[in-house]
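Right, dumping it as structure tokens:
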């Protein structure tokens with residue numbers, strides 16, 4: 001197999017997808033929540049049957065963002081040296 | 001009427017919706033650039049350097065399949081046939097995914113092959129390898145074109161951009177991130193897309209159910225609107241979805257055709273799927289990939305078939321279509337179910353999230369095609385038969401080049417698809433037929449060491465030929481399956497023909513010596529090399545493949561009983 005010996009591979013894990021997801025849903029949550037808060041019920045009544053879906057989904061996406069952030073914070077990516085060596089042997 | 005119906009599907013996107021879409025595209029391209037820094041060898045580019053954690057590969061595993069065809073097709077099934085749509089998940093995906101994780105992954109990952117065709121090469125030699133490698137590469141690049149065309153038609157329909165601009169812009173975005181970041185970028189984007197699609201499907205389901213008065217309200221509406229409501233409201237025997245009128249035969253068709261041949265063929269041998277598992281960082285993570293993916297796969301059908309059924313009772317066009325009033329339905333098809341629902345239920349804001357989710361689904365589908373195409377073309381065709389023994393950097397550069405070529409060819413096939421819509425649909429069905437005989441060859445070859453290289457090659461070719469024959473006969477009215485039963489029967493025939501022929505030919509031709517088959521055949525692989533390290537970050541009972549697999553099968557069974 002190729003490339004196993006390159007140390008570049010180890011850096012592959014270093015950008016954390018969980019943080020990217022947290023940022024995406026933070027932005028989405030804020031925008032959608034604001035749209036919901038500043039809209040009048042006549043804007044969505046016919047479509048949703050009087051549920052302000054933007055507010056609900058905005059809050060939900062903020063919660064999701066927080067969960068991803070928390071997960072990344074509590075279980076950060078660690079790349080212990082022995083795992084690297086073990087990989088090279090197999 | 002035609003123009004009117006088109007205009008009616010146009011979504012009323014406002015500035016805030018475009019802002020949400022723009023944020024997503026910035027992040028997609030950002031992932032491409034970030035992932036580029038971690039690409040320093042061809043293995044990094046094609047298999048993410050085998051470094052990804054199981055939850056990422058697991059979600060990417062189902063997300064690569066949760067493309068446009070899936071979302072549009074399965075909501076359409078929900079609208080047209082109702083509850084039996086669940087079979088495509090609980091019967092047609094979960095058992096096969098569990099089988100892949102528990103039984104087949106130790107061979108794929110343990111043999112350290114870089115692609116499914118490479119496994120074919122090691123087990124059966126060059127003839128079967130070439131058949132598999134070339135047919136896969138051609139299929140992927142054509143399907144990428146079909147996905148691209150479908151994406152462009154949606155952009156055209158929803159936002160009003162001209163078709164050719166939509167095609168080129170979408171191809172450029174996919175090329176940018178897969179060409180820069182390779183499989184890591186594709187996989188990371190697939191996971192991100194997965195969550196955006198969920199953020200689209202959940203509010204559609206909840207708002208829709210709210211509008212009709214909950215599940216009971218939906219049941220009442222379906223009952224009132226349809227004469228065959230009993231078929232639509234229970235999962236078995238599913239005669240409406242198979243088109244086989246006899247209930248017993250319909251159940252057999254579903255279990256053997258869909259649940260066994262088609263689904264095992266697709267999930268266990270399609271490299272666009274298996275590649276995600278091969279990019280996992282350890283044998284344990286690779287085995288857990290399809291198992292972790294199976295849990296969301298089991299649940300996601302709830303927010304797919306229910307919106308489909310909701311569309312059929314909420315959208316005036318679909319109500320008319322279902323009642324047989326084609327004049328009032330215009331040219332709306334069941335395939336438009338999800339678009340109609342988005343148009344009718346979501347206000348600006350969530351509308352932007354939903355548009356993003358739809359476009360993301362199409363792009364992820366195409367990226368999965370492109371990232372598996374470039375791997376197979378580079379490793380299995382170029383490195384194996386054309387330019388051997390070059391330094392690794394050569395194959396990395398070649399891989400990037402062939403990614404560009406793949407995208408350009410896909411643009412070409414997208415324009416062919418725009419002229420021959422039905423032809424391309426048909427082609428896609430045909431490629432589906434490669435999987436059933438492929439699975440037959442794999443499963444026999446993995447468990448029967450006597451199976452010979454010649455049997456591998458001929459079984460594969462003749463299995464595919466027989467599937468195509470059955471399909472052509474069905475289309476020309478020799479058989480008569482109105483629903484999707486034709487595909488089930490064609491795949492089943494292909495499977496049986498492949499197995500029978502392979503056994504016969506193996507009896508009269510020479511097998512490979514045992515020591516060349518070590519690690520490739522069950523009986524010649526010592527148990528230690530089929531099991532994996534379960535210490536450290538692979539420890540814990542909840543990470544055991546058998547526990548995960550049993551759990552998801554139980555979940556699917558319970559849900560199946562609820563919707564019986």
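Chains as they are written, first to last, in the UniProt record's numbering: chain A, 1 to 90; chain B, 1 to 564. Ideal Cβ placement from N, Cα and C applies to all residues, glycine included.
Taking the DSSP output, what are the residues bridged to residue i?
{"i": "residue 280 (chain B)", "result": "B:52"}
For the alpha helix (DSSP H) that residue i lies in, which residues bound it at each end?
{"i": "residue 210 (chain B)", "result": "163-212"}
{"i": "residue 99 (chain B)", "result": "94-99"}
{"i": "residue 118 (chain B)", "result": "116-124"}
{"i": "residue 104 (chain B)", "result": "That residue, residue 104 (chain B), is in no alpha helix (DSSP H); it is neither H nor E in DSSP."}
{"i": "residue 551 (chain B)", "result": "545-562"}
{"i": "residue 513 (chain B)", "result": "Per DSSP, residue 513 (chain B) belongs to no alpha helix (DSSP H) and is neither H nor E."}
{"i": "residue 31 (chain B)", "result": "15-36"}
{"i": "residue 305 (chain B)", "result": "302-314"}
{"i": "residue 374 (chain B)", "result": "350-375"}
{"i": "residue 15 (chain A)", "result": "It is not in any alpha helix (DSSP H) - residue 15 (chain A) carries neither H nor E in the DSSP assignment."}
{"i": "residue 267 (chain B)", "result": "263-269"}
{"i": "residue 395 (chain B)", "result": "392-419"}
{"i": "residue 46 (chain A)", "result": "41-48"}
{"i": "residue 567 (chain B)", "result": "Because chain B here runs from 1 to 564, residue 567 (chain B) falls outside it and cannot be looked at."}
{"i": "residue 336 (chain B)", "result": "Careful: residue 336 (chain B) lies outside any alpha helix (DSSP H) and carries neither H nor E."}
{"i": "residue 38 (chain A)", "result": "From DSSP, residue 38 (chain A) is part of no alpha helix (DSSP H); its letter is neither H nor E."}
{"i": "residue 69 (chain A)", "result": "53-74"}
{"i": "residue 525 (chain B)", "result": "Counting along the chain, residue 525 (chain B) falls outside any alpha helix (DSSP H), and DSSP gives it neither H nor E."}
{"i": "residue 44 (chain B)", "result": "42-47"}
{"i": "residue 251 (chain B)", "result": "247-252"}
May I ask you to verify whether the stretch 510-517 of chain B touches the stretch 465-472 of chain B, counting CB pairs closer than 8 Å and requiring at least 3?
Result no; under three Cβ-Cβ pairs closer than 8 Å.
The stretch 345-378 of chain B: which residues have C-beta closer than 7 Å to a C-beta of chain A, in chain order?
345, 346, 347, 348, 349, 350 and 353
4-residue-minimum alpha helix (DSSP H) runs that sit fully inside the stretch 422-504 of chain B, ordered along the chain:
453-475
Below 8 Å, how does it come out for the stretch 37-55 of chain B and the stretch 374-387 of chain B: are there three or more Cβ pairs, yes or no?
yes
Please list the residues of the stretch 46-62 of chain A that have a C-beta atom closer than 7 Å to any C-beta atom in chain B, keeping them in chain order.
Taking 7 Å as the Cβ-Cβ cut-off against chain B, the residues of the stretch 46-62 of chain A that qualify are 47, 48, 49, 51, 53, 54, 57 and 61.
Give me the subset of the stretch 16-49 of chain A whose CB atoms are less than 8 Å from a CB atom of chain B, sorted by chain position.
17, 20, 21, 23, 24, 25, 27, 28, 31, 32, 35, 36, 39, 43, 44, 47, 48 and 49
Contact list for the stretch 80-97 of chain B against chain A, Cβ threshold 9 Å
none
Please list the residues of the stretch 201-215 of chain B that have a C-beta atom closer than 7 Å to any C-beta atom in chain A, keeping them in chain order.
203, 207, 210 and 211
Taking a cut of 7 Å between CB atoms, which residues from the stretch 106-120 of chain B lie near chain A?
112
Stretch pair the stretch 295-305 of chain B + the stretch 405-422 of chain B: three plus CB contacts closer than 8 Å:
no
Three Cβ pairs or more, each shorter than 8 Å: is that satisfied between the stretch 357-364 of chain B and the stretch 39-47 of chain A?
no
Would you check if the stretch 89-106 of chain B and the stretch 280-294 of chain B touch, i.e. whether three or more CB-CB distances between them fall below 8 Å?
yes
In chain order, what residues of the stretch 26-41 of chain B put their CB closer than 9 Å to some CB of chain A?
27, 30, 31, 34, 35, 37, 38, 39, 40 and 41
Tell me, please, whether the stretch 156-172 of chain B touches the stretch 10-22 of chain B by the rule of three or more beta-carbon pairs shorter than 8 Å.
They touch, by the three-pair rule.
Quick one, which residues of the stretch 396-409 of chain B are near chain A if we go by CB-CB under 8 Å, in chain order?
none
Cβ contact check for the stretch 104-111 of chain B and the stretch 338-355 of chain B: 3 or more pairs under 8 Å
no
Say whether the stretch 263-271 of chain B touches the stretch 73-86 of chain B, bearing in mind that this needs 3 or more beta-carbon pairs closer than 8 Å, one atom from each stretch.
no
Does the stretch 505-512 of chain B come within contact of the stretch 528-548 of chain B, defined as at least 3 CB pairs closer than 8 Å?
no
With three or more C-beta pairs closer than 8 Å as the rule, is the stretch 175-185 of chain B touching the stretch 28-36 of chain B?
yes
Can you list the alpha helix (DSSP H) stretches of 4 or more residues lying completely in the stretch 51-89 of chain B, in chain order?
54-63 and 68-81
May I ask you to verify whether the stretch 211-227 of chain B touches the stretch 307-325 of chain B, counting CB pairs closer than 8 Å and requiring at least 3?
yes
Given 8 Å, three or more beta-carbon pairs between the stretch 442-459 of chain B and the stretch 120-129 of chain B
yes
Would the stretch 62-71 of chain A count as touching the stretch 28-38 of chain A if we require 3 or more Cβ pairs under 8 Å?
yes
Any chance the stretch 246-264 of chain B sits against the stretch 13-25 of chain B, with 3 or more Cβ pairs inside 8 Å?
no
Does the stretch 159-177 of chain B come into contact with the stretch 334-343 of chain B, if we say contact requires no fewer than three beta-carbon pairs (one atom in each stretch) closer than 8 Å?
no
Is the stretch 132-152 of chain B touching the stretch 21-30 of chain B, taking contact as three or more C-beta pairs under 8 Å?
no
At a cut of 8 Å, does the stretch 50-57 of chain B reach the stretch 186-198 of chain B through at least three beta carbon pairs?
yes
When Cβ atoms are compared, which residues of the stretch 181-198 of chain B fall closer than 7 Å to chain A?
184, 188, 191, 192 and 195
Are three or more beta carbon pairs between the stretch 62-72 of chain B and the stretch 222-237 of chain B nearer than 8 Å?
no
Got a sec: which bits of the stretch 5-24 of chain B sit with their beta carbon under 7 Å from any beta carbon on chain A, in order along the chain?
Within the stretch 5-24 of chain B, the residues whose Cβ lies closer than 7 Å to some Cβ of chain A are 16, 19, 20 and 23, listed in chain order.
Scan the stretch 53-81 of chain B for residues whose Cβ lies nearer than 7 Å to a Cβ of chain A and list them as they occur along the chain.
For the stretch 53-81 of chain B, the residues whose beta carbon sits under 7 Å from a beta carbon of chain A are, in order, 56.
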